[in-house]
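In my numbering, the protein residues as written are 80 to 182. The beta-carbon is built from N, C-alpha and C at its ideal position, and this holds for glycine as well. Please read these numbers as outputs of a predicted model, since none were measured by experiment.
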């Protein structure tokens, strides 16, 4: 399945956000892949962040990562940098952007 998400980085934290993503912990990327993600891309336009994930089951991904210590630490770090955060709770499974048009 393909999931599009929107988050927002704080204007004064863009450089830190990008630097953090150049050094995502290997343990976290391994856990994301093990939870069924085949790709995850983030684009930035100003402070707006747009994510595109391809995964087997988005709800399962969130459930597997929600209580994982390496993800909890990563999300705490991201919370300092973001105005709009990625929701890893059960409710977050419905947070994907709706498809408006596809070619």
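Item: Report all residues from its chain with a CB closer than 6 Å to the CB of residue 133; omit the five preceding and five following residues, and keep chain order.; Value: 81, 117 and 118
Item: Does the distance from the CB of residue 126 to the CB of residue 95 come in under 9 Å?; Value: no
Item: Tell me the DSSP secondary structure of residue 83 in three-state form.; Value: strand
Item: So, is residue 108 buried or exposed, given that buried needs 16 or more other C-beta atoms within 10 angstroms?; Value: exposed
Item: Give, in chain order, every unbroken run of the beta strand (DSSP E) that is at least 3 residues long and sits entirely within the region 93-180.; Value: 116-124, 127-134 and 161-163
Item: For residue 178, count neighbouring C-beta atoms within 10 Å of its own C-beta (all shown protein chains included) and say buried if the count is 16 or more, exposed if not.; Value: exposed
Item: Looking at residue 165 and residue 130, is the spacing between their C-beta atoms short of 9 Å?; Value: yes
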